[in-house]
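To get the working numbering, take the position in the sequence shown, counting from 1, and add 1.
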Amino acid sequence: MANEPLDTQLLDKAIEFAVKAHSGTARRGKGFPYIVHPMEAMEIVATITSDQELLAAAALHDTVEDTDVEVEDIRSEFGDRVAELVAAESESIAEGISEEDSWKARKQLALNRLVSSSLDVKIVALGDKLSNMRAIARDYEVMGDDLWSIFHAKDPADHKWRYRGLVEAFKDLSHTSAFKEFEYLVDKVFGK
Numbered sequence: 002m003a004n005e006p007l008d009t010q011l012l013d014k015a016i017e018f019a020v021k022a023h024s025g026t027a028r029r030g031k032g033f034p035y036i037v038h039p040m041e042a043m044e045i046v047a048t049i050t051s052d053q054e055l056l057a058a059a060a061l062h063d064t065v066e067d068t069d070v071e072v073e074d075i076r077s078e079f080g081d082r083v084a085e086l087v088a089a090e091s092e093s094i095a096e097g098i099s100e101e102d103s104w105k106a107r108k109q110l111a112l113n114r115l116v117s118s119s120l121d122v123k124i125v126a127l128g129d130k131l132s133n134m135r136a137i138a139r140d141y142e143v144m145g146d147d148l149w150s151i152f153h154a155k156d157p158a159d160h161k162w163r164y165r166g167l168v169e170a171f172k173d174l175s176h177t178s179a180f181k182e183f184e185y186l187v188d189k190v191f192g193k
């Protein structure tokens, strides 16, 4: 029996949209195209669900935060659910305050929101954060504590606090291989 064809029109459109939105940008401190990160986040989400809207949101998760795309652009192209999932993954920086000075407050707000978020929001967020944690673990093996100099927050204790908070926020997903890998990498980089 042949497999039924999978309707990937929404996801295909989201990938194309994300590629265009991130075109010409590099991942900070990495030297490779930015689009690699959202594609990895999407792949991680695919290990948890085949829901095309969640996969699309993972592909698009940084478009509002890191490009000139707005939530309403996502809503008009992909619908309310995808727009809300992308909005949940987007931080805003207060005018007149540097990213460095607002880092801890922004991360605390994001953690507070995530703890009470829906499972769908947590799935998309886990895709993003596991992709980030994979990069941190790889770079930490090579650079050690020099790694933290590329971030807005330079103190490794700040990153440990944040990633330990994320492990707690993602406990609803502890049955998934993505969560298990995330927790393992957090322990590997920051200790138990």
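Note that CB positions come from ideal geometry on N, CA and C, so glycine has one too.
Since the model is a prediction, treat every value here as computed from it, not as a measurement.
How would you label residue i, buried or exposed, when you count the other beta carbons within 10 angstroms and need 16 or more for buried?
{"i": "H62", "result": "buried"}
{"i": "L7", "result": "exposed"}
{"i": "R139", "result": "exposed"}
{"i": "R163", "result": "buried"}
{"i": "A170", "result": "buried"}
{"i": "V143", "result": "exposed"}
Suppose you measure from the CA of residue i to the CA of residue j; what does that come to, to the nearest Å?
{"i": "V37", "j": "N113", "result": "28 Å"}
{"i": "A58", "j": "K130", "result": "14 Å"}
{"i": "D81", "j": "G145", "result": "42 Å"}
{"i": "E44", "j": "L56", "result": "8 Å"}
{"i": "H176", "j": "L120", "result": "13 Å"}
{"i": "A42", "j": "N133", "result": "9 Å"}
{"i": "A22", "j": "P157", "result": "31 Å"}
{"i": "H153", "j": "D52", "result": "34 Å"}
{"i": "V65", "j": "V72", "result": "6 Å"}
{"i": "S178", "j": "L110", "result": "27 Å"}
{"i": "E85", "j": "S117", "result": "15 Å"}
{"i": "K181", "j": "K193", "result": "14 Å"}
{"i": "I75", "j": "E54", "result": "12 Å"}
Name the DSSP beta bridge partners of residue i, please?
{"i": "P34", "result": "A27"}
Between residue i and residue j, is the Cβ-Cβ spacing less than 9 Å?
{"i": "R107", "j": "L186", "result": "no"}
{"i": "A27", "j": "F33", "result": "yes"}
{"i": "V70", "j": "E90", "result": "no"}
{"i": "K14", "j": "F79", "result": "yes"}
{"i": "V83", "j": "L11", "result": "yes"}
{"i": "L127", "j": "L174", "result": "yes"}
{"i": "T50", "j": "I124", "result": "yes"}
{"i": "K161", "j": "F191", "result": "yes"}
{"i": "I16", "j": "A60", "result": "yes"}
Comparing the CB of residue i with every heavy atom of the ligand PLP, is any distance shorter than 8 Å?
{"i": "M144", "result": "This structure lacks the ligand PLP; in fact it carries no ligand of any kind."}
Reducing DSSP to helix, strand and coil, say where residue i ends up.
{"i": "F18", "result": "helix"}
{"i": "K155", "result": "coil"}
{"i": "G145", "result": "helix"}
{"i": "N4", "result": "coil"}
{"i": "V70", "result": "coil"}
{"i": "G166", "result": "helix"}
{"i": "V118", "result": "In the sequence as presented, Val is not what sits at residue 118; that position holds Ser. It is coil, neither helix nor strand."}
{"i": "K193", "result": "coil"}
{"i": "E90", "result": "coil"}
{"i": "I137", "result": "helix"}
{"i": "H176", "result": "coil"}
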